[in-house]
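According to my numbering, the first sequence is numbered sequentially starting from -2.
Backbone N, C-alpha and C fix where the C-beta goes; we use that ideal spot for every residue, glycine too.
Note that the structure is predicted; figures quoted are calculated from it, not measured.
Right, one structure below, let's go through it.
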Amino acid sequence: MSLSPDQGTQYGNLFSYKYYLRPLAHRLYGNSSTTKVKHQQNVQKLLQILFTNGTSTTWDMAKIKFHNDISAIRTKEKEYRRLLIGRTDRGRHSPGVLDVGLIVKDGKSYKKGSPSDQYRLSLHGILYCLDVLNLSHKDVEKMVSKYSNILPKIFGKWEYLKSIIEDDVYKLQILSKGLLLDNPNLVKDQRTPLYELMSYINIKYRRYYESISEKDLAEQISYWFYTYLLYQRKTSKANSNKTKTHLGVQKLQRVFKRDIELSDWYKEFFKEAENYYKDRTNMIKNSGIF
DNA sequence: GCTTTGGTATCGGAGTATTC
DNA sequence: GAATACTCCGATACCAAAGC
-2 MSLSPDQGTQ YGNLFSYKYY LRPLAHRLYG NSSTTKVKHQ QNVQKLLQIL FTNGTSTTWD
58 MAKIKFHNDI SAIRTKEKEY RRLLIGRTDR GRHSPGVLDV GLIVKDGKSY KKGSPSDQYR
118 LSLHGILYCL DVLNLSHKDV EKMVSKYSNI LPKIFGKWEY LKSIIEDDVY KLQILSKGLL
178 LDNPNLVKDQ RTPLYELMSY INIKYRRYYE SISEKDLAEQ ISYWFYTYLL YQRKTSKANS
238 NKTKTHLGVQ KLQRVFKRDI ELSDWYKEFF KEAENYYKDR TNMIKNSGIF
C-alpha cells in the first residue's frame, strides 16, 4: 500500500479529504463564496487549466494562453512553476500546490531537450475543483475525457452512465463538498441500505487516513458514487409504498444490468459489507454481557 | 511591522535548428 | 562539420507590493 514514489506528494482517504485537505485548501486557495485574493485567483486559474487540459508540463500550460508569444510563455511558465512547486527565497522554502496534494507529478515529457516533469490534478484536486470552481457541464466533460484512466469506474464509463442515470453523473460534486459521506441524515431513508453501505465504505478505508494509493482512493470514490445512486431526496408519490422497488435500487439495477464487470465489482463490495455486519452482530450477540 | 506573494532578472543545462 | 543561436526547461536572487 504505497503510492508511486515520484508523484511528489502524499494524500489520504475521503475522510482525510473532508476533514483535513478540503478545509486546508479552502483556507489557502479559497472557496466558492468568499472574495478571493490575487494569489487564490492565480492558483485557481492554474487548477482550472489542469482540470480541462489534463497532464501537462508548465510550458504546455503557459502555451495554452499565449500561443506563439515566446517571451510571454517564458514568463508565465516561471509563474506556474513557482505556484506548483513552491519557491526558495533567501534560503527559505515556501510550499507550492504540489506539497498540499491537489496536484501530482505524472511522468516526464521527452518531447524536447532534457526530460521535463508533467503535472496533473490528484483525485483530491479534481474534487476540490468540483467544489470551488464554477464549472460548466462542458468543463466537466473535458476533464472526464482527460482523467478517465485515473477514475476508470466512473470517468471511464461516462457515456454509458449518462445514457442511464443522466444528470446524476455530475453528482460527484456532492462528495466534493464533503456531503453524504458520514452524515447522520443518511439514516432518514430506511428503505435502502444507503447508510449501512456508506458507513462500510468508511470502515473499509479507515486505515488510509494518512496515506492512500491513488488506485485505492479511486475505488473508494467509485463505491461512493454508485452507492450514492440509492439516495432519493424526496419520496415522490409515484414511489410510495405501493411500488415494490425503491427508485434508487431501480437505478442501480439498470446500471448493473448491462455492465457485468461493474456489477460483479460492486457485488463483491456488497457481500463484503454484508459479511462485516453479520460478524459484528454475532460478536455482540455472543459477547455474553447480557 | 513582518511575512507572503508578484514581477523581473540572471544563470545554467541539455537538446534542436541555423548559419557559416 | 563546427560554431552559434534558440527552445524548453529548472533554480535562485532582489526588490516591490500585497496581506495579516
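Check	Outcome
When the Cα of Gln229 is compared with those of Gln115, Tyr192, Leu21, which residue comes out closest?	Tyr192
If you draw a straight line from the C-alpha of Glu138 to the C-alpha of Ile67, how long is it?	30 Å
Buried or exposed: Gly245, going by 16 or more other Cβ atoms within 10 Å of its Cβ?	buried
What separation, rounded to the nearest whole angstrom, lies between the Cα atoms of Met195 and Arg79?	39 Å
Which term fits Met280, buried or exposed, when burial requires 16 or more other beta carbons within 10 angstroms of its beta carbon?	exposed
Give a yes or no on whether the C-beta atoms belonging to Leu118 and Thr6 are separated by under 9 Å.	no
Suppose you measure from the CA of Leu226 to the CA of Ser133; what does that come to, to the nearest Å?	22 Å
Gln38 and Arg129 - do their beta-carbons sit closer together than 9 Å?	Note that residue 129 corresponds to Val in the displayed sequence, not to Arg. The answer is no: Cβ separation not under 9 Å.
Is it buried or exposed, Arg277, if we count other Cβ atoms within 10 angstroms and call 16 or more buried?	exposed
Using CA coordinates, which residue listed in Phe12, Glu207, Ser219 is at the minimum distance from Ile147?	Ser219
On the three-state DSSP scale, how would you describe Gln37?	helix
Would you give the residue range spanned by the beta strand (DSSP E) that Leu227 belongs to?	Element bounds for Leu227: n/a, residue is neither H nor E.
Grab me the residues of Trp56's own chain with a C-beta within less than 8 Å of its C-beta, minus the 5 sequence neighbours each way, in chain order.	Ile70, Glu74, Ser113
Short of 6 Å in beta carbon distance, which residues of its chain neighbour Ser145, apart from the five on each side in sequence? Order them along the chain.	Phe152, Gly153
Take Asn131 and list the residues in its own chain whose beta-carbon comes closer than 8 Å to its own, dropping the five residues that flank it on each side.	Ser29
If I follow the unbroken alpha helix (DSSP H) through Arg19, where does it start and stop?	19 to 26
Alpha carbon to alpha carbon, how far is Pro149 from Ala215?	8 Å
Take the Cβ of Ser142 as the centre, count every other Cβ of all protein chains shown within 10 Å, and call the residue buried at 16 or more, exposed below.	exposed
Going by DSSP in three states, Ser106 sits in which element: helix, strand or coil?	strand
Between the Cα of Val252 and those of Phe222, Lys275, Glu271, Asn199, spot the shortest distance and give me the residue it belongs to.	Phe222
Give me, in chain order, the residues of the same chain whose beta-carbon lies closer than 8 Å to that of Thr224; leave out the 5 immediate sequence neighbours on both sides.	Leu191, Leu194, Met195, Ile198
Taking Asp136 as part of the beta strand (DSSP E), name the residues at either end of that continuous run.	Not the beta strand (DSSP E): Asp136 falls in the alpha helix (DSSP H), residues 134 to 143.
Helix, strand or coil, according to DSSP, for Asp128 in the structure here?	helix
Where does the unbroken alpha helix (DSSP H) through Leu118 begin, and where does it stop?	It is not in any alpha helix (DSSP H) - Leu118 instead sits in the beta strand (DSSP E) that spans 113 to 118.
Which of the three DSSP states is assigned to Thr72 in this structure?	helix
Under 9 Å between the Cβ atoms of Thr52 and Asp103?	yes
Between Phe48, Leu43, Lys108, which lies nearest to Ile82 when the distance is taken from Cα to Cα?	Leu43
Just to confirm, are Ile209 and Tyr26 a CB contact at a threshold of 9 Å?	no
Let me know the secondary structure DSSP gives Arg84 once reduced to three states.	strand
Which value, in whole angstroms, describes the spacing of the CA atoms of Tyr116 and His64?	19 Å
Kindly identify the DSSP beta-bridge partner or partners of His64.	Paired residues: none, contrary to the question.
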